[in-house]
Amino acid sequence: MSTLIIWIMGAGLLLINIILRTRILRLEARLKEFSRPEDYFVFLRQQATQKDKISAIKALRKQYPELSLIEANKLWQQI
């Protein structure tokens, strides 16, 4: 009986996790729709004056948390 309760609770927690994860992904997609790539480039060009790639990418991701590390690196390569 207790094993069944544990399985049901585990399944419930798994479903909640899946629902929340999809919600987060949808919110991130909407956030990317509202942000403009030009803003990324302006901010990154200001940071590029320091000539330090790593600190510029860290500052960019801190300012725009919706960017992944790969996207931020691609933006750096474009400037």
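Under the working numbering, the first residue of the sequence shown carries the number 675, and numbering increases by one thereafter.
Where is the CB? At the ideal position from N, CA and C, for every residue including glycine.
From residue i to residue j, what does the alpha carbon distance come to, in whole angstroms?
| i | j | result |
| --- | --- | --- |
| residue 683 | residue 677 | 10 Å |
| residue 697 | residue 680 | 26 Å |
| residue 721 | residue 744 | 17 Å |
| residue 692 | residue 726 | 39 Å |
| residue 751 | residue 686 | 44 Å |
Smallest Cα separation from residue i: which of the options?
| i | options | result |
| --- | --- | --- |
| residue 753 | 715, 704 and 734 | 715 |
| residue 709 | 692, 748 and 738 | 738 |
| residue 717 | 735, 704 and 702 | 735 |
By the DSSP assignment, the alpha helix (DSSP H) with residue i in it spans what residues?
| i | result |
| --- | --- |
| residue 713 | 711-722 |
| residue 727 | 727-737 |
| residue 741 | No alpha helix (DSSP H) contains residue 741, which DSSP labels as neither H nor E. |
| residue 683 | 676-708 |
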